[in-house]
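In terms of the UniProt record's numbering, the sequence shown opens at residue 1 and continues consecutively.
Even for Gly, the Cβ is constructed at its ideal location relative to N, Cα and C.
So the structure is just underneath, and the comments pick up after that.
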Amino acid sequence: MPIEIVTIPCRTDNYAFLLHAGGRTALVDAPEAAPVLSALDERGWSLDEVWITHHHGDHVEGLPGLKDAHPDLIVLGAAADAGRLPPLDRELAPGEPFDFAGHRVDVIDVPGHTVGHVAFHVPDANAAFTADSLMALGCGRLFEGTPAMMWDSLQRIAALPDETMIHSGHEYTETNARFALTIEPENPNLVRRAREVEEARAAGRATVPSSLAEEKATNPFLRAHLRELKSAISMEKAEDEEVFAEVRSRRDSF
């Protein structure tokens, strides 16, 4: 059975995602209950499970309301961060896939934004759910991890097939695009994408998900290893991780 994916705007700028296949429905992250319950009601779906990427409140605070409406809801999250997550019915370990309606779900360790952050890759759907690790034209702030951690995490995501659609956790893309242009103003792919993002937001359209191929062509945080980006910020001889750290530092003060 094919997997249907629904993008749900929540709170001010969060996204949650419903996956539906074989009569089962899963949710990635729970920023807010009401929009999720509305999306379920519109489709006549019952929520079976929630996959949590990390412990921050804007990704878990909707869980109590969802559990009230769906008492049999199963909550899945990283075993390594179970002490900071809501109570888990199933603890997950990176590298140990689990099943959703007959489809494999891979758990990817992506520390950096938090040290317990995980992402979910569903190969049959060409979809990855990266929350606040890899984001559209950006990456998450390093609240707990180091630049080395986040750079390694981004490399794990970058190793996925180029056609993978990256479902990230926030609508930050327009600001990320403006920043990216300060790093590579001559990148034609970035110039085009920035224009498309501006048009989409002006029309009230979401800019998430985005393809991994597009992120590789335009996202400065995925491009820190490339000669053209290093040259653009006068760090031609620097190690990839050092370039990433510099780009992250510039974004933090942008």
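Worksheet item: Taking Cβ positions, are ASP58 and ARG11 nearer each other than 8 Å?
Response: yes
Fill in: Secondary structure of ASP99, DSSP reduced to three states
strand
Worksheet item: If we count the other Cβ atoms within 10 Å of its Cβ and call it buried at 16 or more, is THR7 buried or exposed?
Response: Of the other Cβ atoms in all chains shown, fewer than 16 fall within 10 Å of the Cβ of THR7; this residue is therefore exposed.
Item to complete: Return the chain-ordered list of same chain residues with a C-beta closer than 6 Å to the C-beta of GLU144, the five sequence neighbours on each side being excluded.
Response: Listed in chain order, the non-local C-beta contacts of GLU144 below 6 Å within the same chain comprise THR114, VAL115, local neighbours out to five positions each way being set aside.
Discussion item. Between which residues of its own chain and ALA148 is the CB-CB distance below 7 Å, once the five residues before and five after are set aside?
Written reply: GLU241
Fill in: Cα-Cα separation, THR175 to HIS56
22 Å
Practice prompt. Identify the continuous alpha helix (DSSP H) that holds VAL247 and give its terminal residues.
Written response: 240-252
Worksheet item: Whose CA, out of LEU160, ARG251, ASP48, LEU18, lies closest to the CA of ARG90?
Response: ASP48
Worksheet entry | For GLU49, three-class secondary structure by DSSP | strand
Item to complete: Drop a sphere of 10 angstroms on the beta-carbon of ARG1, count the other beta-carbons inside from all chains shown, and report buried for 16 or more, exposed for fewer.
Response: It is Met, not Arg, that sits at residue 1 in the sequence shown. So MET1 counts as exposed.
Practice prompt. Give every residue of the same chain whose Cβ lies closer than 6 Å to the Cβ of ALA213, excluding the five residues on either side of it in the sequence, and list them in chain order.
Written response: ASP162
Practice prompt. Assign ILE5 to one of three DSSP states: helix, strand, or coil.
Written response: In this structure, DSSP gives ILE5 an extended state, which the three-state scheme calls strand.
Discussion item. Quick check on the burial criterion: 16 or more other C-beta atoms within 10 angstroms. Buried or exposed for ALA202?
Written reply: exposed
Worksheet item: By DSSP, does MET235 sit in helix, in strand, or in coil?
Response: coil
Worksheet item: Would you say ALA30 and GLU4 are within 8 Å of each other, going by their C-beta atoms?
Response: no
Practice prompt. Let me know the secondary structure DSSP gives ASP14 once reduced to three states.
Written response: The residue asked about is misnamed: residue 14 is Asn in this sequence, not Asp. Correct three-state label for ASN14: strand.
Worksheet item: Which two residues bound the contiguous alpha helix (DSSP H) that contains SER168?
Response: Per DSSP, SER168 lies in no alpha helix (DSSP H) segment; the continuous beta strand (DSSP E) that holds it begins and ends at 165-168.
Item to complete: Entirely within the segment 124-170 and at least 4 residues each: give me those alpha helix (DSSP H) ranges in chain order.
Response: 147-158
Discussion item. Relative to the C-alpha of ALA39, which candidate in HIS54, ILE52, LEU19, TRP51 has its C-alpha closest?
Written reply: LEU19
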